[in-house]
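Participant:
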Amino acid sequence: MENLLMVVLAKSYKPGGRCIAGKLVEYTGENTVKVGRWVRPVANDNTGHGALTEQMYLYEDGTEARVLDIVEIPILRHFPIAGQPENYVIDDSKKWKKISSLNASSIPNISENIKDVWNDPDTESHTVTANYDQNGLISQSLCLVKPSNLLITLSNEFNDYEQRYKKKIVASFSYLGVNYENISVTCPSTRRILTNQYPNEGQEPVIMPLKKGDNYVLCMSLSPRFGNDDHHYKLVATVFDFDGYLQREYAA
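Numbering (full-length UniProt numbering), first residue to last: 1 to 252.
1) For LEU5, which of GLY16, GLY36, TYR13, SER12 has the nearest alpha-carbon?
2) Apart from the five residues on each side of it in sequence, which residues of its chain come closer than 6 Å, Cβ to Cβ, to GLY48?
3) Starting from ASP133 and walking both ways along the alpha helix (DSSP H), at which residues does that stretch end?
4) Check whether the region 127–140 and the region 159–177 touch, using three or more Cβ-Cβ pairs below 8 Å as the test.
5) Please state the DSSP three-state secondary structure of THR153.
6) Would you check if there are 3 or more beta carbon pairs closer than 8 Å linking the region 201–213 to the region 107–118?
7) From what residue to what residue does the beta strand (DSSP E) around ASN103 run?
8) So what's ASN174 in DSSP terms, helix, strand or just coil?
9) Reducing DSSP to helix, strand and coil, say where ASN159 ends up.
10) Using 8 Å for Cβ pairs, my map puts THR186 next to SER12. What's the rounded Cβ distance?
11) Can you tell which of TRP38, SER174, VAL117, ASN44 has its C-alpha closest to the C-alpha of LEU9?
12) Helix, strand or coil: how does DSSP classify THR127 here?
13) Just to confirm my understanding: we take ILE73, look at its own chain, exclude 5 residues before and 5 after, and list those with CB closer than 7 Å. What are they?
14) Report yes or no: do the region 135–145 and the region 153–160 share at least 3 C-beta pairs separated by less than 8 Å?
15) If we require 3 or more residues per run, which beta strand (DSSP E) segments fall completely within the region 23–108?
16) What does TYR233 pair with, by DSSP beta-bridge criteria?
17) Rounded to whole angstroms, what's the CA-CA distance from GLU30 to THR123? Just pull it up for me.
18) In the structure shown, what three-state DSSP assignment does THR195 receive?
19) For GLU60 and ASN182, I'd like the C-alpha separation in whole angstroms.
20) Pick out whichever of PRO85, VAL71, SER111 has its Cα sitting closest to the Cα of LYS98.
21) Does the distance from the C-beta atom of SER189 to that of TYR233 stay below 8 Å?
22) Which partner residues does VAL145 have in the DSSP bridge list?
23) Whose C-beta lies closer than 7 Å to the C-beta of LEU150 among residues of the same chain, with five residues either side of it excluded?
24) As a quick exercise: from LYS212, ASN228, HIS231, ALA237, pick the residue whose alpha carbon is nearest that of SER221.
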């Protein structure tokens, strides 16, 4: 299969590695690109949603692919799965190639005017049921949206299952008048910049706005089906500020 040329819009944490996703790009001039549909490169592990390990997204010079890079990715085949129609299996025998990069100031211009962020009336605002997907309501599992009333909650509570205190970061925001709450933040840059802001073990959660208020764009993602209830979980995969500071200075 041919290589995919895409701009990286997410490089979020995922069990076993990273979830990298972006949009196809087409050069329309020397320094201008046209942005197309979403794609999510995945590992060749027969699941259709395998995490990418570091060796899989290295360039020839040994550096890693980063958010906002425009990259050429060797692909073996399209591998859509339930709730993630954009997945493509990579050819991990070949290196990725960086072509250029997208200016962070362009992100607000390519944010999407979708009607909602996967609103499923049969569950809470941070999840989507299998029925929602089976009814054909997930045409894409990635989106770029401009939120309002964006708040981050940092907690450090005892996890009964793991029998230890565990730090957790979630977001809440509004989009077109609908509130979304308790959405896990898997964005490495956001986690890194807030790493020293968590409460001590057992203390009350810390709820805060980010420094630039609502001047952000969120790359939202849906997880594969997970758990006994087969729900998809909504994730804040990337937080973009309009000047690129967050992704430039706190990339991880």
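Even for Gly, the Cβ is constructed at its ideal location relative to N, Cα and C.
All of these numbers come straight from a predicted model, not from anything done at the bench.
Facilitator: Reading it off the structure:
1) Checked all of GLY16, GLY36, TYR13, SER12; the closest Cα to LEU5 is GLY36.
2) Excluding residues up to 5 positions away in sequence, PHE79, ILE81, ASN87 lie with their Cβ nearer than 6 Å to the Cβ of GLY48 in the same chain.
3) 130–134
4) no
5) strand
6) Counting C-beta pairs with one atom in each stretch, the region 201–213 and the region 107–118 have fewer than three that are closer than 8 Å, which means they do not touch.
7) Per DSSP, ASN103 belongs to no beta strand (DSSP E) and is neither H nor E.
8) Just to set this straight, residue 174 is Ser in the shown sequence, not Asn. Here SER174 sits in strand by DSSP.
9) strand
10) 4 Å
11) Measuring C-alpha to C-alpha distances from LEU9 to each of TRP38, SER174, VAL117, ASN44 identifies TRP38 as the nearest.
12) strand
13) The residues are ASN3, LEU4, MET6, PRO41, ILE90, TRP96.
14) no
15) Restricting attention to beta strand (DSSP E) runs no shorter than 3 residues, the region 23–108 encloses them at 33–42, 69–73, 75–78, 87–90, 97–101, ordered along the chain.
16) THR127
17) 47 Å
18) coil
19) 39 Å
20) VAL71
21) No, they are not a contact pair.
22) According to DSSP, VAL145 bridges with LEU218.
23) ALA171, PHE173, PRO209, LEU210, ASP214, TYR216
24) ALA237
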